[in-house]
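Undergrad: Going letter by letter, the sequence shown gives residues 290 to 614 in our numbering. Ideal Cβ positions, reconstructed from N, Cα and C, are used throughout, including at glycine. First the structure, then my questions, so here it is.
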Amino acid sequence: MKAEILRLIRANDGITCRQICEKLHMSKGAVERIVAQLVAEGYDIEEDEEKGYVMYSYPEFITSHELMSRVTTKWAGRTVYFRKETASTNEDAAELAGEGKEHGTLVVTDYQTAGHGRCGRGWEAEQGDSIAMTLLLRPKVKPDKASMITLVMALAVADVLSKLTEETVKIKWPNDILVNNKKVCGILTQMDTKPDKVNYVIVGVGINVNNCIFSPEVSKIASSLLNETGNKYSRADIIIGIMDHFEYYYDMFEEIGDLSFMVSMYDGYLVNKDKEVRVLDPKGEFTGTADGINDYGELIVQKEDGSFTRVDSGEVSVRGIYGYV
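Dropping the structure here:
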């Protein structure tokens with residue numbers, strides 16, 4: 290009940306213990322015990338004789354009750370499973386999916402020991418400095434459209450980081466988010482499907498937030514919000530913002546059935562738009578100019594002979610002619 294009590298205290302300029310008891314059907318002793326636990330965790334909650342409980346500040350860490358008490362979405366992130374440490378939030382979310390957990394369930398950890406990206410590369414992150422989370426979805430769309438969800442999440446993350454940092458935020462199609470041309474976020478989407486039905490989709494998101502130390506090899510292409518801006522950021526604020534933006538875009542995606550509503554927004558972030566790219570296709574590498582995405586999330590590339598081809602994110606990797614971007 291911590292999340293419910295926190296939500297009530299946050300939503301009011303003072304709320305009495307009696308009012309909380311009536312709203313949540315709890316005893317006075319139970320409410321007092323939970324408030325005492327929250328104070329011990331670092332929440333600055335005081336009981337005013339007239340107003341009741343008033344919160345003056347809250348700690349900068351992630352817990353399930355902290356996130357659930359602040360989220361304002363209809364379904365995204367309304368239920369949160371927090372792990373202090375785990376091998377993989379995607380693996381945890383897949384397990385929860387198998388248990389029948391609901392659409393929009395979010396798994397978050399303070400430290401992920403075996404996180405990896407779309408091509409199996411490891412993800413470097415210090416404990417308590419980054420975001421490692423996975424959202425469980427039960428889409429109504431057909432299996433051939435489920436991969437588009439990666440781009441929906443990429444747009445949501447780009448929107449939040451752009452507004453938060455006021456830096457140049459770009460998307461490297463289809464699933465990397467860049468700040469000042471350095472990768473700060475990767476997205477890994479996995480799914481369980483039948484020929485005509487999606488059982489579930491899990492969307493893993495890793496964001497370097499307040500990390501400051503990277504290996505020499507990684508630092509050539511990756512960075513963090515802290516390193517790029519000089520500022521520290523609240524991980525909880527970022528998670529809540531992403532849930533809000535993602536839910537809005539995802540609902541439109543399910544209603545329309547494709548990405549036509551967001552093509553121009555996505556292309557506005559696309560780092561390779563109208564630039565020369567090298568397409569690393571197993572069938573044959575080629576170069577061309579990135580023209581943007583289509584309604585299905587495929588990258589349209591104009592070849593050197595003037596013809597256009599559609600690049601599927603599941604088949605190729607796209608790199609800039611002069612390096613990572």
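Let me check understanding here. Comparing Cα to Cα, which of 470, 516, 381 lies closest to residue 373?
TA: The sequence position of residue 373 within the sequence shown is 84, counting from 1. Taking only the C-alpha atoms, the option nearest residue 373 is 381.
Undergrad: Let me know if residue 350 comes out buried or exposed under the rule of 16 or more other beta-carbons within 10 Å of its beta-carbon.
TA: The residue you call residue 350 lines up with position 61 of the sequence shown. Under this definition residue 350 is an exposed residue.
Undergrad: Ignore the nearest five residues each way along the sequence and tell me which others in residue 408's own chain have a CB closer than 6 Å to its CB.
TA: As a first step, residue 408 must be located in the sequence shown, where it is residue number 119. Because the pLDDT of residue 408 is 49, which lies under 50, any placement of that residue in the model is unreliable, and the question is left without a value.
Undergrad: Report the CB separation of residue 378 from residue 385 in whole angstroms; it is logged as a contact under 8 Å.
TA: As a first step, residue 378 is located in the sequence shown; it is residue number 89 there, counting from the start. As a first step, residue 385 is located in the sequence shown; it is residue number 96 there, counting from the start. Not a contact, Cβ separation roughly 10 Å.
Undergrad: Buried or exposed: residue 569, going by 16 or more other Cβ atoms within 10 Å of its Cβ?
TA: Mapped onto the sequence shown, residue 569 falls at position 280. Residue 569 is exposed by the Cβ-count criterion.
Undergrad: Out of curiosity, what's the CA-to-CA distance linking residue 499 and residue 472?
TA: Walking along the sequence shown from the start, residue 499 turns up at place 210. Walking along the sequence shown from the start, residue 472 turns up at place 183. If I take the Cα positions, the gap works out to 14 Å.
Undergrad: When you compare only the Cα positions, how much space is there between residue 439 and residue 551?
TA: Taking the first residue of the sequence shown as 1, we reach residue 439 at position 150. Taking the first residue of the sequence shown as 1, we reach residue 551 at position 262. For residue 439 and residue 551, the distance between alpha carbons rounds to 13 Å.
Undergrad: Could you tell me which of 507, 383, 491 sits nearest to residue 441, measuring between CA atoms?
TA: Against the sequence shown, residue 441 aligns to sequence position 152. Closest by alpha carbon: 491.
Undergrad: What is the rounded straight-line gap between the Cα of residue 400 and the Cα of residue 425?
TA: In the sequence shown, counting from the first residue as 1, residue 400 sits at position 111. In the sequence shown, counting from the first residue as 1, residue 425 sits at position 136. About 19 Å.
Undergrad: Output the distance between the C-alpha atoms of residue 398 and residue 371, rounded to the nearest integer angstrom.
TA: Stepping through the sequence shown from its first residue, residue 398 is reached at position 109. Stepping through the sequence shown from its first residue, residue 371 is reached at position 82. Using only the alpha carbons, I get a separation of about 6 Å.
Undergrad: Let me know if residue 558 comes out buried or exposed under the rule of 16 or more other beta-carbons within 10 Å of its beta-carbon.
TA: Here residue 558 corresponds to residue number 269 of the sequence shown, with the count starting at 1. With 16 or more other Cβ atoms within 10 Å, it is buried.
Undergrad: Enumerate, from N- to C-terminal direction, the unbroken beta strand (DSSP E) stretches of 3 or more residues contained entirely within the stretch 520-588.
TA: List check, beta strand (DSSP E) in window: 565-569, 575-582.
Undergrad: Nearest by alpha-carbon distance to residue 313: which of 295, 391, 599, 326 is it?
TA: Residue mapping note: residue 313 aligns to position 24 of the sequence shown, counting from 1. Ranking the options by Cα distance to residue 313, first place goes to 295.
Undergrad: Which full runs of the alpha helix (DSSP H) of 4+ residues lie inside the stretch 340-423, going along the chain?
TA: List check, alpha helix (DSSP H) in window: 353-359, 378-387.
Undergrad: Round the Cβ separation of residue 448 and residue 392 to the nearest angstrom and send it over; I've been treating them as touching at under 8 Å.
TA: Along the sequence shown, read from residue 1 onward, the residue named residue 448 stands at position 159. Along the sequence shown, read from residue 1 onward, the residue named residue 392 stands at position 103. Wrong, their Cβ atoms sit about 22 Å apart, outside the cutoff.
Undergrad: Give me the residue from 501, 309, 305 with the minimum Cα distance to residue 293.
TA: For the purposes of this step, residue 293 is identified with residue 4 of the sequence shown, where counting begins at 1. With distances taken between Cα atoms, residue 293 lies closest to 309.
Undergrad: Count the other CB atoms, across all protein chains shown, that sit within 10 Å of the CB of residue 542; report buried if there are 16 or more and exposed otherwise.
TA: For the purposes of this step, residue 542 is taken as the residue at position 253 of the sequence shown. Under this definition residue 542 is a buried residue.
Undergrad: Excluding sequence positions up to five away, which residues of its chain have a Cβ less than 8 Å from the Cβ of residue 444?
TA: As a position in the sequence shown, residue 444 is number 155, starting the count at 1. If we look at residue 444 and ignore the five residues flanking it on each side, its Cβ neighbours are 460, 534, 538, 551, 554, 555, 558.
Undergrad: Just to confirm, is the Cβ distance from residue 291 to residue 323 under 9 Å?
TA: Along the sequence shown, read from residue 1 onward, the residue named residue 291 stands at position 2. Along the sequence shown, read from residue 1 onward, the residue named residue 323 stands at position 34. Yes, the Cβ-Cβ distance between residue 291 and residue 323 is below 9 Å.
Undergrad: On a CA-only basis, which of 453, 600, 304, 317 is nearest residue 523? Give me that one, please.
TA: In the sequence shown, residue 523 corresponds to position 234, counting from 1. Ranking 453, 600, 304, 317 by Cα distance to residue 523 puts 453 first.
Undergrad: What is the DSSP secondary structure of residue 482, reduced to helix, strand or coil?
TA: On the sequence shown, position 193 is the one that residue 482 refers to. DSSP places residue 482 in strand when its eight states are reduced to three.
Undergrad: I'd like the list of long-range same chain contacts for residue 588, defined as Cβ closer than 7 Å, with 5 residues on each side in sequence excluded.
TA: Along the sequence shown, one-based indexing puts residue 588 at 299. If we look at residue 588 and ignore the five residues flanking it on each side, its Cβ neighbours are 462, 579, 582, 600, 607.
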